[in-house]
Amino acid sequence: MSRASWCLACVECGASYPGLDVRYTCQCGGLLEVVHDLEALRARLSLATFDARLGSRAPADRSGVWRFRELVLPLETRELVTRLEGNTRLYDSPAIARYAGLDALLLKHEGENPTGSFKDRGMTAGVSIARRLGMTRVACASTGNTSASMASYAAAAGMRAYVLIPEGKIAYGKLAQALAYGAKTIQIEGDFDAAMKLVRQVCDAEGIYLLNSINPFRIEGQKALLFELLQDLGWEVPDWIVLPGGNLGNNTALWKGLSELHALGLIPRRPRLAVVQATGANPLYRAFVSGQDLVPVERPETVATAIRIGNPVSWKKSLRAVRESGGVVEEVTDQEILDAKAQVDAAGIGAEPASCATVAGARKLALRGVIRRSERVCGVLTGHLLKDPDVVVAYHRGELAGIAATFANRPVRSAATLEGVRGLLSE
Ligand code: F0G
Numbered sequence: 119m120s121r122a123s124w125c126l127a128c129v130e131c132g133a134s135y136p137g138l139d140v141r142y143t144c145q146c147g148g149l150l151e152v153v154h155d156l157e158a159l160r161a162r163l164s165l166a167t168f169d170a171r172l173g174s175r176a177p178a179d180r181s182g183v184w185r186f187r188e189l190v191l192p193l194e195t196r197e198l199v200t201r202l203e204g205n206t207r208l209y210d211s212p213a214i215a216r217y218a219g220l221d222a223l224l225l226k227h228e229g230e231n232p233t234g235s236f237k238d239r240g241m242t243a244g245v246s247i248a249r250r251l252g253m254t255r256v257a258c259a260s261t262g263n264t265s266a267s268m269a270s271y272a273a274a275a276g277m278r279a280y281v282l283i284p285e286g287k288i289a290y291g292k293l294a295q296a297l298a299y300g301a302k303t304i305q306i307e308g309d310f311d312a313a314m315k316l317v318r319q320v321c322d323a324e325g326i327y328l329l330n331s332i333n334p335f336r337i338e339g340q341k342a343l344l345f346e347l348l349q350d351l352g353w354e355v356p357d358w359i360v361l362p363g364g365n366l367g368n369n370t371a372l373w374k375g376l377s378e379l380h381a382l383g384l385i386p387r388r389p390r391l392a393v394v395q396a397t398g399a400n401p402l403y404r405a406f407v408s409g410q411d412l413v414p415v416e417r418p419e420t421v422a423t424a425i426r427i428g429n430p431v432s433w434k435k436s437l438r439a440v441r442e443s444g445g446v447v448e449e450v451t452d453q454e455i456l457d458a459k460a461q462v463d464a465a466g467i468g469a470e471p472a473s474c475a476t477v478a479g480a481r482k483l484a485l486r487g488v489i490r491r492s493e494r495v496c497g498v499l500t501g502h503l504l505k506d507p508d509v510v511v512a513y514h515r516g517e518l519a520g521i522a523a524t525f526a527n528r529p530v531r532s533a534a535t536l537e538g539v540r541g542l543l544s545e
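Counting in the working numbering, the sequence shown runs from 119 upward without gaps.
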């Protein structure tokens with residue numbers, strides 16, 4: 119195996135390791151990140167390189183991750199395990215902007231990825247590296263989307279996939295995907311945080327390759343969300359990027375991508391980040407407000423099961439990113455998430471609950487005057503509407519405990535007659 123042109127470095131103590139070492143943390147316990155040779159890239163990389171690939175038919179150019187490969191991982195085309203992920207749409211819905219109290223709110227819909235969530239961007243990178251390392255078995259703990267994505271990419275690469283998920287707290291669409299793509303699906307009697315702790319032990323003990331976002335290569339793929347968003351905008355930098363926060367890999371990745379583009383002189387400035395958490399699973403919000411270290415939330419609870427996480431692995435990197443950006447962490451209630459979701463859905467766009475924390479958060483920040491209505495705001499919708507159909511039906515039927523069905527579109531019944539149906543049309 120040839121040597122990598124990148125290395126791994128500890129974000130805490132700065133210790134450096136070879137780029138293809140199978141390790142996720144430093145000897146000091148800190149997380150690792152991929153360090154590219156930006157000096158070498160500066161001389162030969164321009165935004166035109168990425169734009170020129172938009173017209174290409176080569177898979178490595180058509181993938182919304184590998185189109186940016188110099189800044190992701192400079193792998194050979196034959197090394198890629200890709201489903202042409204990315205290429206998601208950027209929606210401009212006046213109705214949603216009005217709801218949020220903003221002049222405009224652009225929404226990058228990552229639910230339009232091959233397995234229906236933003237996780238595919240990190241997973242194409244993680245599984246490609248797993249294959250390069252000669253791994254035959256991969257594993258992750260997940261609230262559902264990571265496992266769905268890993269199961270799919272592992273199947274494409276002919277690897278055995280093991281997923282650890284919290285029993286009974288995973289949306290049905292996601293569980294269905296893990297099973298369908300052939301992953302060994304292990305339901306843990308505990309929450310995501312317990313599953314996360316356990317999967318690290320299992321991977322260490324068994325030599326299985328760990329594909330949670332603690333894996334630095336996942337973060338590299340995830341950065342492409344940001345590259346593609348800026349490319350959609352003609353490389354104009356918005357004022358804010360708003361996104362939900364769970365295990366906190368995504369906002370960390372976006373900030374790393376922004377910082378690299380900025381260091382290369384390819385963008386003149388970086389936007390502010392707004393990370394939105396659910397009130398019942400808000401450890402980053404608490405740490406941000408108190409100015410203290412993160413204290414895990416013991417029994418996280420939220421209808422947005424994707425972000426039902428009390429002890430996020432990447433919190434230090436994440437908090438540093440938010441602070442450096444001059445950004446904020448906000449919290450929103452389940453009621454606010456579901457009402458925002460009803461708006462996103464009714465605009466014909468649709469997304470899963472955790473995604474809609476983005477819109478609920480943008481609305482709250484606009485109301486509080488943190489985001490000014492004329493600022494240029496981009497939000498990330500992280501997962502597809504059909505990931506969690508149960509919540510949708512229960513909301514519109516008014517069957518969710520403790521939740522008012524503010525924007526309910528109740529299903530109605532009719533006799534199987536013309537009059538019966540006609541009578542309902544004018545209601
Ligand atoms: N939105 C969705 C739909 C998610 O699935 C996740 C995370 C997030 C937001 C939060 O992103 O963890 O990078 O802060 N889902 C993980 C999973 C935890 O297992 O699928 P984050």
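Ideal Cβ positions, reconstructed from N, Cα and C, are used throughout, including at glycine.
- Within the segment 127-154, the complete beta strand (DSSP E) segments at least 3 residues long are 134-136 and 150-153, listed from N- to C-terminus.
- Under the rule that a run must span 4 or more residues, the alpha helix (DSSP H) segments found entirely inside the segment 348-402 read 367-381.
- Comparing C-alpha distances from A465 to each of I326, G286, Y217 and R426 shows the shortest one belongs to Y217.
- Residue side-chain check: F406 keeps its Cβ at 8 angstroms or more from all non-hydrogen atoms of ligand 1.
- Annotation for A133 indicates a beta carbon at 8 angstroms or more from all heavy atoms of ligand 1.
- Exclusion of T206 from the 8 angstroms shell around ligand 1 follows from its C-beta lying no nearer than that to any non-hydrogen atom of the ligand.
- Counting only residues of its own chain and dropping the five nearest sequence neighbours on each side, E419 has a CB closer than 8 angstroms to the CB of G398, A399 and R426.
- CA-to-CA, the gap between T206 and K226 works out to about 7 angstroms.
- Here Q453 is near I521, since their CB atoms are less than 9 angstroms apart.
- Looking from the CA of L503, the closest CA among R528, E545 and A422 belongs to A422.
- Taking a cut-off of 8 angstroms on C-beta distances, the segment 356-373 touches the segment 424-444, as three or more cross pairs fall below it.
- In the pairwise beta carbon analysis, the segment 254-273 is classified as touching the segment 296-312: at least three pairs are separated by under 8 angstroms.
- For A133, same chain residues with a beta-carbon under 6 angstroms away, outside a window of 5 residues either side, are C144 in chain order.
- Note that the segment 476-496 does not touch the segment 277-285; fewer than 3 beta-carbon pairs, one per stretch, sit closer than 8 angstroms.
- Within the same chain, Cβ atoms closer than 8 angstroms to the Cβ of R249 are found at E197, V199, A275 and M277, the five residues on either side in sequence being excluded.
- Between the segment 238-253 and the segment 336-350, the count of Cβ pairs shorter than 8 angstroms is three or higher; the stretches touch.
- At least one heavy atom of ligand 1 is found less than 8 angstroms from the C-beta of C258.
- In this model, A519 and T195 are separated by some 50 angstroms (Cα to Cα).
- Classified as exposed, C131 has fewer than 16 neighbouring CB atoms from the shown chains inside 10 Å of its CB.
- Not one heavy atom of ligand 1 falls within 8 angstroms of the beta-carbon of I359.
- The alpha carbon of G182 has as its nearest neighbour, out of L163, L348, E517 and I247, the alpha carbon of L348.
- Distance check between P136 and each of C146, G148 and V152 places V152 closest, using alpha-carbon atoms only.
- For F525, same chain residues with a beta-carbon under 6 angstroms away, outside a window of 5 residues either side, are A460 in chain order.
- Every alpha helix (DSSP H) stretch that sits fully inside the segment 154-195 and reaches 4 residues is listed by chain position as 156-162, 165-170, 177-180 and 187-190.
- Between R187 and L193, the CB-CB gap stays under 9 angstroms.
- If you look at H514, you'll find it in the alpha helix (DSSP H) that goes P507 to H514.
- In the assembly as shown, N429 is a buried residue. Its beta-carbon has 16 or more other beta-carbons within 10 Å.
- Here the alpha carbon of R486 sits roughly 43 angstroms from the alpha carbon of I304.
- Contact check for P507 and Y290: beta-carbon distance about 7 angstroms, within the 8 angstroms limit, so the pair qualifies.
- Taking 8 angstroms as the cut-off, the C-beta of I425 counts as close to a heavy atom of ligand 1.
- Inclusion of G367 in the 8 angstroms shell around ligand 1 follows from its C-beta lying nearer than that to a non-hydrogen atom of the ligand.
- Burial check for D322: the Cβ neighbour count within 10 Å stays below 16, so the residue is exposed.
- Relative to ligand 1, the beta carbon of P414 is positioned no closer than 8 angstroms to any heavy atom.
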